[in-house]
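Take the sequence shown: its position 59, counted from the start at 1, is 59 in this note's numbering, and no numbers get skipped. These notes are about the structure you will find just below.
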Amino acid sequence: MKNEYIPQASKIREVIRHTDLEYTFRMTYEGDVKPGQFFEISLPKYGEAPISVSGVGAGTVDFTIRRVGKVTNEIFENYVGDSLLIRGPYGNGFDLEHFKGREIVVVAGGTGLSPVRGVVDYFARHMQECDSCTLIAGFKTLGDVLFKEDFALWKEKLQVIQTVDNAPEGYEGPVGMVTRYIPDLKFKNPENAVFICVGPPVMIKFTVQEILKLGMKEEQIWISNERKMCCGLGKCGHCRMGSTYICLDGPVFNYVEGKNLID
Ligand SMILES: Cc1cc2nc3c(=O)[nH]c(=O)nc-3n(C[C@H](O)[C@H](O)[C@H](O)COP(=O)(O)OP(=O)(O)OC[C@H]3O[C@@H](n4cnc5c(N)ncnc54)[C@H](O)[C@@H]3O)c2cc1C
Ligand code: FES
Numbered sequence: 001m002k003n004e005y006i007p008q009a010s011k012i013r014e015v016i017r018h019t020d021l022e023y024t025f026r027m028t029y030e031g032d033v034k035p036g037q038f039f040e041i042s043l044p045k046y047g048e049a050p051i052s053v054s055g056v057g058a059g060t061v062d063f064t065i066r067r068v069g070k071v072t073n074e075i076f077e078n079y080v081g082d083s084l085l086i087r088g089p090y091g092n093g094f095d096l097e098h099f100k101g102r103e104i105v106v107v108a109g110g111t112g113l114s115p116v117r118g119v120v121d122y123f124a125r126h127m128q129e130c131d132s133c134t135l136i137a138g139f140k141t142l143g144d145v146l147f148k149e150d151f152a153l154w155k156e157k158l159q160v161i162q163t164v165d166n167a168p169e170g171y172e173g174p175v176g177m178v179t180r181y182i183p184d185l186k187f188k189n190p191e192n193a194v195f196i197c198v199g200p201p202v203m204i205k206f207t208v209q210e211i212l213k214l215g216m217k218e219e220q221i222w223i224s225n226e227r228k229m230c231c232g233l234g235k236c237g238h239c240r241m242g243s244t245y246i247c248l249d250g251p252v253f254n255y256v257e258g259k260n261l262i263d
């Protein structure tokens, strides 16, 4: 019987440096994978970390990693250009069918843009498959902005509000939290609107409050929940909340269910 915990080696094909702390690692991978799913990335002696899929290419998968601790420090220090061990994909990911034909609004905070990048990019390249697509992406400062090249394309195709919490004097772009821009959203048919919110729990909480103030229903909102995980495949119980295993049943949830699963 195959041991599901055994990872496979995956070569790092390209490293895209967004900021000093956040790089995208483009790695070899053959197989089906959806945006919003995640892999466990590991290094012997250092451990494993769950990391979302931030892009999918021919024979490759992207991981946008923020350097925060044991495993991620080691990856940044010693593994750029080498290979890593990966197992997955795990979790449900985003089902594009939920969003086709709809007026889509994606609200993402910081690295929260990673799991939903594939969804935004899909609709930027297939605009005919949705009614409209708006991205509200918030970063702490201009130096924290991720996926700058993608933003260039997205700004041509989609309605994009790229905001920063703190801007230098004279900066003329959007400033402030993502929630500031939600009351101004306009819809042709509000019942056909659908929202995706990804980011820290506090950002999701306040973003959802603003969306509900627009008169939207909870079932029109989707979230991704990055609760602490261990095995990633429904065995250890680390991510369990009640009868829900975030790693198996999520991390993407409709808000009707997901609202009870936010820490
Ligand atoms: C489904 C899912 C998807 C994810 N996707 C991504 C992604 O796409 N990109 C990404 O960068 N991350 C992602 N994460 C988060 C990532 O898995 C964690 O940041 C992971 O812990 C990093 O592993 P590490 O060993 O480098 O950090 P760790 O060493 O585990 O440290 C993680 C955090 O804990 C703190 N910490 C560590 N040790 C201590 C201590 N002794 N006392 C107090 N605090 C401590 C660190 O400062 C840091 O903030 C995801 C998580 C989940 C669950
Ligand atoms: S992480 Fe082990 S059961 Fe979900």
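Heads up, the beta-carbon is just placed ideally off N, CA and C, and yes, glycines get one too.
For Met229, the distance from the CB to the nearest heavy atom of ligand 2 is below 7 Å. Residue environment analysis places Gly36 among the buried positions, since at least 16 neighbouring C-beta atoms fall within 10 angstroms of its C-beta. Taking a contact as a CB-CB distance under 8 Å, the pair Gly57 and Thr28 does not count as one, their CB atoms being some 10 Å apart. Under DSSP, Gly47 shares a beta bridge with Leu43. Proximity to Tyr255 across Val164, Cys197, Met127 and Leu158 peaks at Cys197, based on C-alpha coordinates. Take Tyr122, set aside five residues on each side of it, and the residues of its chain with a beta-carbon closer than 7 Å to its own are Leu96, in chain order. Counted as a single uninterrupted DSSP element, the beta strand (DSSP E) harbouring Glu14 occupies residues Gln8 to Arg17. Residues Val15 of the same chain have their beta carbon placed closer than 6 Å to that of Val80, with the five preceding and five following residues left out of the count. Partner residues in the beta bridge of Thr24, as assigned by DSSP, are Ile16 and Thr64. Thr163: member of the beta strand (DSSP E) spanning Gln159 to Val164, first to last residue. Taken from the Cβ of Thr28, every heavy atom of ligand 1 lies 7 Å or farther away. Of the candidates Arg87, Val202 and Ala193, Arg87 places its Cα closest to the Cα of Lys2. Residue environment analysis places Asp249 among the buried positions, since at least 16 neighbouring C-beta atoms fall within 10 angstroms of its C-beta. A contact is defined here as three or more CB-CB pairs under 8 Å, and the region 65-77 fails this definition with respect to the region 185-205. The three-state secondary structure of Pro89, taken from DSSP, is strand. Within the same chain, no Cβ atom closer than 6 Å to the Cβ of Asn189 is found once the five residues on either side in sequence are excluded.
Counting along the chain, the unbroken alpha helix (DSSP H) around Leu113 starts and ends at Leu113 to Arg125. Looking only at Thr179, Ile161 and Ile182, the smallest Cα-Cα distance to Glu172 is reached by Ile161. Its chain contains Cys197, Ile223 and Ile262 as the residues whose beta carbon lies nearer than 7 Å to that of Ile204, once the 5 sequence neighbours on both sides are disregarded; these appear in chain order.
Shortest Cα-Cα distance from Asp150 to any of Lys140, Val164, Thr141 and Leu135 involves Leu135. Between Thr24 and Thr64, the beta carbon gap of about 5 Å places them in contact (Cβ cut-off 8 Å).
Annotated as distal: Pro89 and Val145, with beta-carbon spacing of 8 Å or more. Measuring C-alpha to C-alpha distances from Ser42 to each of Ile246, Ser10 and Gly31 identifies Ser10 as the nearest. Residues close to ligand 1 by the beta carbon criterion (under 5 Å to any non-hydrogen atom) are, from first to last along the chain, Phe38, Ala49, Pro50, Ile51, Ser52, Ile65, Arg66, Val68, Gly69, Lys70, Val71, Thr72, Ser114, Glu226, Met229 and Pro251.
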